[in-house]
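Contents: one structure, followed by commentary.
2 protein chains.
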Amino acid sequence: MMGGRFMAAVTLKDVAERAGVSIKTVSNVVRNAPRVSDATRTRVLAAVGELGYRPNPSARRLRTGRSGLIALAVPDLGTPYFAELAHHVGREASSRGFTVLIEETRGDAREELRLATGVGASLLDGVILSPLRVSSADLAPVADEFPLVLLGERDYGSGQVVADHVLIDNVAAAREVTAHLAALGHTRIGAIGVDEQRSATSRQRLEGFQQALHEAGLTYDPRLAARVGEFDRPNGLAAMRTLLELPTAARPDAVFCFSDLLAVGARRALYEAGLDVPGDVALAGVDGSGEALYATPSLTSVVPDKAVISALAVDCLAARIGAEGPLPYEVRIAPHRLEVRESTDGVRRPLPG
Amino acid sequence: MMGGRFMAAVTLKDVAERAGVSIKTVSNVVRNAPRVSDATRTRVLAAVGELGYRPNPSARRLRTGRSGLIALAVPDLGTPYFAELAHHVGREASSRGFTVLIEETRGDAREELRLATGVGASLLDGVILSPLRVSSADLAPVADEFPLVLLGERDYGSGQVVADHVLIDNVAAAREVTAHLAALGHTRIGAIGVDEQRSATSRQRLEGFQQALHEAGLTYDPRLAARVGEFDRPNGLAAMRTLLELPTAARPDAVFCFSDLLAVGARRALYEAGLDVPGDVALAGVDGSGEALYATPSLTSVVPDKAVISALAVDCLAARIGAEGPLPYEVRIAPHRLEVRESTDGVRRPLPG
DNA sequence: CGCGGCGGTTACAACGTTGGAACAAGGGAA
DNA sequence: TTCCCTTGTTCCAACGTTGTAACCGCCGCG
Chain A
1 MMGGRFMAAV
11 TLKDVAERAG
21 VSIKTVSNVV
31 RNAPRVSDAT
41 RTRVLAAVGE
51 LGYRPNPSAR
61 RLRTGRSGLI
71 ALAVPDLGTP
81 YFAELAHHVG
91 REASSRGFTV
101 LIEETRGDAR
111 EELRLATGVG
121 ASLLDGVILS
131 PLRVSSADLA
141 PVADEFPLVL
151 LGERDYGSGQ
161 VVADHVLIDN
171 VAAAREVTAH
181 LAALGHTRIG
191 AIGVDEQRSA
201 TSRQRLEGFQ
211 QALHEAGLTY
221 DPRLAARVGE
231 FDRPNGLAAM
241 RTLLELPTAA
251 RPDAVFCFSD
261 LLAVGARRAL
271 YEAGLDVPGD
281 VALAGVDGSG
291 EALYATPSLT
301 SVVPDKAVIS
311 ALAVDCLAAR
321 IGAEGPLPYE
331 VRIAPHRLEV
341 RESTDGVRRP
351 LPG
Chain B
1 MMGGRFMAAV
11 TLKDVAERAG
21 VSIKTVSNVV
31 RNAPRVSDAT
41 RTRVLAAVGE
51 LGYRPNPSAR
61 RLRTGRSGLI
71 ALAVPDLGTP
81 YFAELAHHVG
91 REASSRGFTV
101 LIEETRGDAR
111 EELRLATGVG
121 ASLLDGVILS
131 PLRVSSADLA
141 PVADEFPLVL
151 LGERDYGSGQ
161 VVADHVLIDN
171 VAAAREVTAH
181 LAALGHTRIG
191 AIGVDEQRSA
201 TSRQRLEGFQ
211 QALHEAGLTY
221 DPRLAARVGE
231 FDRPNGLAAM
241 RTLLELPTAA
251 RPDAVFCFSD
261 LLAVGARRAL
271 YEAGLDVPGD
281 VALAGVDGSG
291 EALYATPSLT
301 SVVPDKAVIS
311 ALAVDCLAAR
321 IGAEGPLPYE
331 VRIAPHRLEV
341 RESTDGVRRP
351 LPG
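In order, the protein sequences belong to chains A and B.
Everything in the first sequence is counted per this note's numbering, starting at 1 for the first residue and increasing by one.
Everything in the second sequence is counted per this note's numbering, starting at 1 for the first residue and increasing by one.
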């Protein structure tokens, strides 16, 4: 029987009776609609306060078609980058009156697509998706029907934009890191995180990597480009172990890892092999995670501005939700910076604090 | 107008027309209610499939008072422990038909209380709260009115149970770690993470720590018990630096950190001081995070079974949501195990994989 | 042969909210 | 004075769903 659990919820009707006005007038007050005299407004607000009225989101949603709920879909919350992102998106969203539902896709393409199409489209107003497997082509038929913002993964190759995108300039970021390694005198620079097939991010970082090698007059040795499935610690560990199996002369003297977790795994492999970082092999990653900062040695990393990324994403989504009809798709670039730490230049830096 | 965005949602009515039955019958079918003949059932299900009908959660909620939405409120998603927990809770919940809303309390007592009382009680069916600041006393008036499960933090001191609790045996866990350190021959064992005022978890771990010291015939030196605000990396770093400022003879030769992040911070401080782990100082933490496993050296840690914790928590909550009236409060203990790694016994262990 | 019971179905009324139209009360222009 | 317009308020209907009660056969029992 009626689910209000143990306490009876206060409704517009209760407030209306208390204030001696109609239900609709109370509704007008709580929604800040115009056409309400100051006298009634204060009277109603008083009643609202006394009774502790809270609008019923379900009824609202049913009537208006808006739930105030958006989802953030990420591959995995265990990845610090996504956890931090979730944190920022939550802040941004609540400052705009949205509530965020965090979903894990586990890198499953079907799951990603399901989220992108709005799950219970009737539950969500929109989705911010960090795609891993799903491609622009898969999303093309979807984006027009449901407010969707993609994080990263713009498919430069196809040139086709099928949704709003927020990303950092991955090519530039990779170029900067690699140039940094080259400037330190490394000549056999490797990369961990190649995954041409599936991940656009990976492709872009590889491209920046190759550009920088070229600009530094170095040649790209495919043996030094390690493929991985996910950007996690175990893959970093395995990839670095593989690189260390190369003949001594062919081994890398520096490695650019496409994520901090990969770098952490790679660092662990070097530790187990008894090699020094950066003495024997220099190491750099991407993400600006706390884990990389506190590693021993601290790991050089590209730090994307997650606050800006989140703000842009929520902005985009809010605009799309608020819009009546289709809007042109936007691609917004968030800033990043290269943070040089012990794992590349070897300079001891006590952490502040 | 009408918010269905761009596409028109399929409703029971549409399905009913298609199947040539009444709305209510369709409703009965989709809810798996009894009293539906197999013939009609299959006919209706066919129509459901063809039209791609999805029930409207808001309408359901409005009618039944249930939203199928539960919240997991944790202090901070950036903490790997909570991120992992969120992952498991999400799995457990969706297997029971719930959707999880993840909220960050940022360790703010008011925010915790707000969540515990159900925010928009009309939005959520229940809450799983990992409290940091809020006490049993604060929650006492709340728990009866709204389904609530607390993770950890059972206030043994007051002896008063005001809600369902799911936790590991913190006292035993701390005792095991400390006994392990003592068994290795350490005599000046320190602790990082003391916070008697606010955190019950911290109190329990301190108690287990002291018990083990006593059992090993060691005396408790308050100078070796470092206080912290949050269980994060910067606090671990700062605390260990403070311990290292003690006169040489008074310095710890082993430290039990109340979280893995504290241990990571402590390890960093030792690294900066040029000290060896575990040669100069042995280090152990709690949480079983991947970060501790991949650290160099890998950090010994108490690994709580997060899958079990999550399952128990969701079970409890589901029972409470399903119940008609008040239920007796339960306290459930999840298992943990001590994982000995390089940071205490010094034995090199290549990671598997 | 009528009547209770039961399996299967339907009609109706809510749940709390909001958009739109209708309605009362004043205020100025004709 | 009448008429229209503005301002504030109320009434009505609907959003999609489900609980309750009613309904319609049909069976088997007395």
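We put the CB at the ideal spot given by N, CA and C, even for glycine.
Model, not experiment: these values are computed from the prediction.
Could you tell me the alpha carbon to alpha carbon distance between residue i and residue j, rounded to whole angstroms?
i	j	result
Val347 of chain B	Asp276 of chain B	14 Å
Met1 of chain B	Asn28 of chain B	Note that Met1 of chain B scores 30 on pLDDT, short of 50, meaning its location in the model is unreliable; the coordinates nonetheless yield the value given after this. Taking the straight line joining both Cα atoms gives about 31 Å.
Phe6 of chain B	Ala59 of chain A	Confidence at Phe6 of chain B is low in this model, with a pLDDT of 47, below 50, so the placement of that residue should be treated as unreliable; the coordinate-derived value is given next. Cα to Cα, the separation comes out at about 21 Å.
Arg205 of chain A	Leu312 of chain A	22 Å
Cys372 of chain B	Gly152 of chain A	Here chain B comprises residues numbered 1 to 353, so residue 372 of chain B is not present and cannot be evaluated.
Asp169 of chain A	Glu291 of chain B	28 Å
Arg63 of chain B	Ala269 of chain A	57 Å
Val302 of chain A	Ser289 of chain B	23 Å
Tyr294 of chain B	Arg91 of chain A	30 Å
Ala93 of chain B	Asp305 of chain A	32 Å
Gly3 of chain A	Glu17 of chain A	Confidence at Gly3 of chain A is low in this model, with a pLDDT of 33, below 50, so its placement is unreliable and the value that follows should be read with caution. Roughly 23 Å separates the two Cα atoms.
Ala179 of chain B	Glu84 of chain B	27 Å
Ala163 of chain A	Tyr329 of chain A	5 Å
Thr187 of chain B	Val74 of chain B	36 Å
Val149 of chain B	Val166 of chain B	7 Å
Ser67 of chain A	Gly229 of chain B	37 Å
Leu72 of chain B	Leu139 of chain B	16 Å
Arg96 of chain B	Arg198 of chain B	34 Å
Ala326 of chain A	Ala39 of chain A	In the sequence as displayed, the identity of residue 326 of chain A is Pro instead of Ala. Distance between the alpha carbons of Pro326 of chain A and Ala39 of chain A is about 41 Å.
Ala19 of chain A	Val30 of chain A	13 Å
Gly353 of chain B	Leu262 of chain A	14 Å
Asp76 of chain B	Ser298 of chain A	23 Å
Val363 of chain B	Glu145 of chain A	No information on residue 363 of chain B is available, as it lies outside the stretch 1 to 353 that chain B covers here.
Gly285 of chain B	Leu237 of chain B	13 Å
Ala307 of chain B	Phe82 of chain A	20 Å
Gly193 of chain A	Ile23 of chain B	53 Å
Ala342 of chain A	Glu272 of chain B	At residue 342 of chain A the sequence reads Glu, which differs from the Ala that was named. So the alpha carbons of these two residues sit roughly 11 Å apart.
Ile333 of chain A	His87 of chain B	29 Å
Thr105 of chain A	Ile70 of chain A	15 Å
Cys316 of chain B	His336 of chain B	19 Å
Ser259 of chain A	Leu213 of chain A	19 Å
Arg35 of chain A	Thr25 of chain A	9 Å
Return the bridge partner residues of residue i from the DSSP annotation.
i	result
Ala254 of chain A	A:Ile189, A:Ala282
Thr99 of chain A	A:Leu69
Thr300 of chain B	B:Ala284
Ile128 of chain A	A:Leu72, A:Val149
Glu104 of chain A	A:Val74
Ala334 of chain A	A:Ile168
Glu339 of chain A	A:Ser301
Val194 of chain A	A:Arg227
Open item on the list: Short of 7 Å Cβ to Cβ, which residues in the region 207-234 of chain B face chain A?
Closed with: Arg233, Pro234
- [ ] Give, in chain order, every residue of the region 50-72 of chain B whose Cβ lies closer than 7 Å to some Cβ of chain A.
- [x] Arg54, Asn56, Pro57, Ser58, Ala59, Arg61, Leu62, Thr64, Gly65, Arg66, Ser67
Task: Interfacial residues, the region 251-264 of chain B to chain A, with Cβ spacing under 7 Å - done: Val264
TODO: Please confirm if the region 123-138 of chain B is in contact with the region 100-110 of chain B, defined as three or more CB-CB distances below 8 Å between the two stretches.
DONE: yes
Task: Length at least 4, wholly inside the region 203-283 of chain A: the alpha helix (DSSP H) runs in chain order - done: 233-244, 260-272
Open item on the list: Would you call the region 40-53 of chain B in contact with the region 241-261 of chain B, where contact means no fewer than 3 C-beta pairs closer than 8 Å?
Closed with: no
Task: Members of the region 263-294 of chain B near chain A, C-beta cut-off 7 Å - done: Val264, Gly265, Arg267, Arg268, Tyr271, Glu272, Gly290, Glu291, Tyr294
TODO: Scan the region 312-333 of chain B for residues whose Cβ lies nearer than 7 Å to a Cβ of chain A and list them as they occur along the chain.
DONE: none
- [ ] Select from the region 234-245 of chain A all residues with a C-beta closer than 8 Å to any C-beta belonging to chain B, and list them in chain order.
- [x] Pro234, Leu237, Ala238
Task: Proximal residues, the region 83-94 of chain B versus chain A, C-beta separation under 8 Å - done: Ala83, Glu84, Ala86, His87, Gly90
Open item on the list: Threshold first: 4 residues or longer. Then list the alpha helix (DSSP H) segments lying entirely within the region 15-48 of chain A, N to C.
Closed with: 23-30
- [ ] Note down, in chain order, all residues in the region 170-204 of chain A with a beta-carbon under 8 Å from any beta-carbon belonging to chain B.
- [x] none
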